[in-house]
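Counting in the working numbering, the sequence shown runs without a single skipped number right up to 322 at its last residue.
Backbone N, C-alpha and C define an ideal beta-carbon position, used for all residues, glycine too.
Model, not experiment: these values are computed from the prediction.
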Amino acid sequence: MSADPLATGSIGSGRTPEEVRRALAGRIGSGQLHPGQRLGAERALAAELGVSRATLRQALAVLEEGGVVRRVPGRGGGTFVAKGKIERDLSRIVGVPALLRSQGVVAGTRVLSARLTAADDVTAQALRVRPGDLVVDLVRIRLADGSPFSLERAKLPAKRFPGLLELPLGGSVYELIEEHFGTEPSEAVERIEVALASPDEAAILDIEPGSPLMAITRTTTDGDGEPIEFSRDLFRADRTRIVVRTEGGARAVPGRAQVVELRAQGSK
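Dropping the structure here:
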């Protein structure tokens, strides 16, 4: 089979959007274009490929829909090769740093706030404490290869984990409470919803307001079935792929539209 002239640099006129799409996808798939790399201005890219800007835009629209590229409007914007999606396996309980490292991604954390607060009614019910009882309230941005990947807010019973706020909070809380308090997560129930980024969330996650997010609300329990964490995590949908494995007791429970409830067994 002969190579695509566009991909090999032999430019011709009359190319269809599908041919342009295949050529650009080929460059990305071969590593000629790298994740995060800018493809160039539309005018220059169309000239390079020997096609009209209208044809180029149709090809880019298909690539964007498939998550292969992302287009950033405005000055300093352009078309960029999309970064690969990170798989979030809901059948296992694992901290985000370990999740990222397992997929060859450099993990980072920015702690936005860490404090003691009074449990509201929802938190109290989830953690089985009384409303007004103190809980550790931890808000962090998780970074993947230096860029924002998720925004998480975790609450833990303060009485159960005294002194937690004095420990380094940039890594996995699960690893901290296992090392310092002898507590391991055993089971988690997670509810997944589609959410749209608010202006503040968009600014934190470096996306456009209204962009889709995967909102995961989680209650984690220890080996005795006692709640140790109640959290709500917002994952960038353009960088996350949800994976569910049916073995090991994970099961899906029917719920309302755009909501999934899963039970994950703890594993090391």
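Rounded straight-line distance, which links the Cα of residue j to that of residue i
i	j	result
proline 185	threonine 171	11 Å
threonine 177	valine 248	21 Å
arginine 272	arginine 194	16 Å
histidine 88	isoleucine 82	7 Å
threonine 109	valine 74	8 Å
alanine 173	arginine 207	13 Å
phenylalanine 215	isoleucine 147	19 Å
Three-state secondary structure (DSSP) of residue i
i	result
threonine 177	helix
arginine 107	helix
aspartate 287	strand
valine 122	coil
isoleucine 140	strand
threonine 62	The pLDDT assigned to threonine 62 is 41, lower than 50, so where the model puts this residue is not dependable; a value taken from the coordinates is nonetheless given after this. Looking at threonine 62 - three-state DSSP - the assignment turns out to be helix.
valine 150	helix
valine 183	coil
Range covered by the alpha helix (DSSP H) that runs through residue i
i	result
valine 227	227 to 235
leucine 259	253 to 259
valine 159	Neither: valine 159 is in no alpha helix (DSSP H) and is coded neither H nor E.
glycine 132	Glycine 132 -> not in any alpha helix (DSSP H); beta strand (DSSP E) instead, spanning 132 to 135.
leucine 78	71 to 83
Residue i burial status per 10 Å Cβ neighbour count (16 or more: buried)
i	result
aspartate 287	buried
lysine 213	exposed
valine 297	exposed
aspartate 285	Sequence inspection shows serine at residue 285; the aspartate mentioned does not correspond to that position. Its Cβ being crowded by 16 or more others within 10 Å, serine 285 is buried.
serine 167	exposed
valine 159	buried
serine 84	exposed
Other residues of its chain near residue i: CB distance less than 7 Å, five sequence neighbours each side excluded
i	result
leucine 114	Val123, Arg125 and Thr133
glutamine 112	Pro71
Element boundaries [beta strand (DSSP E), containing residue i]
i	result
arginine 272	266 to 275
leucine 210	201 to 211
glutamate 241	241 to 250
leucine 221	Unbroken run through leucine 221: none, as it is neither H nor E.
Spatial neighbours of residue i in its chain, beta-carbon cut-off 8 Å, leaving aside the 5 residues before and after
i	result
alanine 79	Leu117 and Val122
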